[in-house]
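One structure below.
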Amino acid sequence: MKHLLLTLFLILNLIVYGQKKSTLPEGFVYVTDYIPHIAVELRYYTTHNFVGKRVDGYNANKVILTKRATQALQKIENELNKEGLGLKVFDAYRPQTAVNHFKRWAQDIKDTLMRQEFYPRVDKRDLFKKGFIASKSGHSRGSTIDLTIIDLENKKELDMGAPFDFFGEESGHDYQKITTTQKQNRIKLKKIMEKYGFRAYSKEWWHYTLNNEPFKDKYFDFKIN
């Protein structure tokens, strides 16, 4: 009887585990299942972002990407680890629900709660025109990621000359009015990301998309749980 109960218990656990793992669409994975030690600070799950509140669709501090993008990221992490460095993720897969939240926020001109930190010299009405916000985001295709490099010993981010999600020319790859160290740090991130198949977005030093992304024309809207 005990053996029968144990067997049933194990079967039930396998079913529950399988259901949990199958909550993501086919082709998507939780990044920490492949890179358990990667640093994660999903900004849109917090209030420390340009909106100033948790963004719709972000129900957990979990990084989701396509399996193909995750496997490429795994190689990057492994190479950086040899230098005592690692990756820190600010955003990855982003539900269309969250993109819609950004659109509503951008259209509310009176809401400038986080302006001083994130867009001190940009009028909210120009955010779409300047390419900082869009009605569709590559993040929703699942192979775009926002990230930086950290020192594994002290967990500090390398100085990139502008903070994540800063809406201004300072965030662009071609911006020159930063220190030599800051330029070198940006170049280091860009080189290793490109080495493993990612391409940079010119206006944001933190933003990369996998070249051979599996869902080039499909935008997803499942929540981050």
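Residues in the sequence shown are numbered consecutively from 662, following the numbering used here. In this text, a Cβ means the ideal position worked out from N, Cα and C, and glycines have one as well.
Every beta strand (DSSP E) stretch that sits fully inside the stretch 766 to 813 and reaches 3 residues is listed by chain position as 805 to 812. Looking at the DSSP output, Ala700 bridges to Lys749. DSSP lists no beta-bridge partner residue for His834. His698 counts as exposed, since fewer than 16 other beta carbons sit within 10 angstroms of its beta carbon.
For Ala861, there is no enclosing alpha helix (DSSP H); the residue is part of the beta strand (DSSP E) that begins and ends at 859 to 862. With contacts defined by Cβ atoms closer than 8 Å, Asp882 and Thr758 form a contacting pair. If you check the CB distance, Thr870 and Gly803 do not come in under 8 Å. Counting the other Cβ atoms within 10 Å of the Cβ of Ile725 gives 16 or more, which makes it buried. Exclusion of the five residues before and after Val712 leaves Trp766 as the residues of its chain whose Cβ lies within less than 6 Å of its Cβ. For Ile725, no alpha helix (DSSP H) encloses it; the enclosing beta strand (DSSP E) starts and ends at 725 to 727. Boundaries of the beta strand (DSSP E) harbouring Glu865: 865 to 871, taken from the DSSP string. Bounds of the alpha helix (DSSP H) holding Leu850 are 841 to 856. In the DSSP assignment, Val692 falls outside any beta strand (DSSP E), carrying neither H nor E.
Restricting attention to Asn873, Lys844, Lys864, Glu865, the CA atom closest to the CA of Tyr857 is found in Asn873. Here the stretch 806 to 821 lies against the stretch 735 to 749, with 3 or more beta-carbon pairs under 8 Å apart.
Between the C-alpha atoms of Leu685 and Asp694 there is a straight-line separation of about 13 Å. The alpha-carbon of Phe793 is positioned some 7 Å away from that of Phe828.
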